[in-house]
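When we follow our numbering, the leftmost residue of the sequence shown carries the number 798, and every step to the right adds one.
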Amino acid sequence: MQARIHSVETCGTLDGPGLRYIIFMQGCLLRCQFCHNPDTWKMSDGRLVELDELITDIESYMPFYKASNGGVTVSGGEPLLQIKSLIYLFKALKKKGIHTAIDTSGGCFPSSPAFIEQLDELMTVTDLVLLDLKQIKTDKHKNLTGMTNTHILEFATYLARKKVPVWIRHVLVPGISDIDEDLHELGQFIETLDNVEKIDVLPYHKLGVYKWEALGYEYPLEGVEPPEEDRVQNAQEILTSYIK
798 MQARIHSVET CGTLDGPGLR YIIFMQGCLL RCQFCHNPDT WKMSDGRLVE LDELITDIES
858 YMPFYKASNG GVTVSGGEPL LQIKSLIYLF KALKKKGIHT AIDTSGGCFP SSPAFIEQLD
918 ELMTVTDLVL LDLKQIKTDK HKNLTGMTNT HILEFATYLA RKKVPVWIRH VLVPGISDID
978 EDLHELGQFI ETLDNVEKID VLPYHKLGVY KWEALGYEYP LEGVEPPEED RVQNAQEILT
1038 SYIK
């Protein structure tokens, strides 16, 4: 079984508990204005890898992951676009007792009954989902990402039904997603979910701007600066207050 990936990070510390082997998958349906990995968008880019070779590489770092209660996180891009590869990978990892996590926007849910069947199978070997909820208001979400959020909110509800542990991630962009009214509305949605363990507010940054320029893309948030620390703390407090 193969997968098309962008890159790997062997000792990540920001994408799940403990030290983690992070696999950045190739391909994404969203076009987020703040994306710091626009080079993962095109499914035809990246490189094909044999998953068995990837698993062997992961095993070489096992002592670090075991000692830190870490594991493997599959990110992107949008990993669910390669769901068959994820199922194969996670089944192999679970046999080895490795913690598994998916960092996703839920951007390709819902789909055909066949996809939902595959998703059900994947969730049986998934320990944690890092779910990116970028904007609660549909029109603002479409402007920010190129797509509405209806199917993404449905995916969040699906995960709650399946009782899959979730960490919510929210990128805080001044003037776009850093609006108290919108944060409270997002919090009210989060309150309907009983599987949310944690909220991570991620301050918008400009570290990926050079990639946009290298790819010949016009950066849409030109002039937008990262949020002040008090605004990050404000968003964290608002959203966390809604966790059940």
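Glycine included, C-beta positions come from ideal geometry on N, C-alpha and C.
Using a threshold of 8 Å, state whether the C-beta atoms of residue i and residue j are closer than that.
i	j	result
A898	L916	no
S865	G809	no
T807	Y858	yes
Around the Cβ of residue i, are there at least 16 other Cβ atoms within 10 angstroms (buried) or fewer (exposed)?
i	result
D975	buried
Q985	exposed
N1055	Nothing in the structure corresponds to residue 1055, since the chain is present only between 798 and 1041.
S1038	exposed
D854	exposed
P876	buried
Bridge partners of residue i, per DSSP?
i	result
H896	G868
R817	G809 and G868
Can you tell me where the alpha helix (DSSP H) with residue i in it begins and where it stops?
i	result
P910	P910 to M920
Y955	T947 to R958
G984	D977 to I987
D854	L848 to E856
V1029	E1026 to T1037
Thinking residue i and residue j are a contact (beta carbons under 8 Å), I'd like their distance in whole angstroms, please.
i	j	result
T870	G813	5 Å
P962	N992	6 Å
V968	F831	6 Å
G873	R817	The pair is not a contact, with the Cβ atoms about 15 Å apart (cut-off 8 Å).
S902	I949	6 Å
The beta strand (DSSP E) that contains residue i, what's its start and end?
i	result
I965	V963 to L969
V926	L925 to D929
V998	V993 to P1000
Can you determine whether any heavy atom of the ligand COA sits closer than 7 Å to the C-beta of residue i, and answer yes or no?
i	result
E1015	Absence of the ligand COA is noted for the structure shown, with no ligands found whatsoever.
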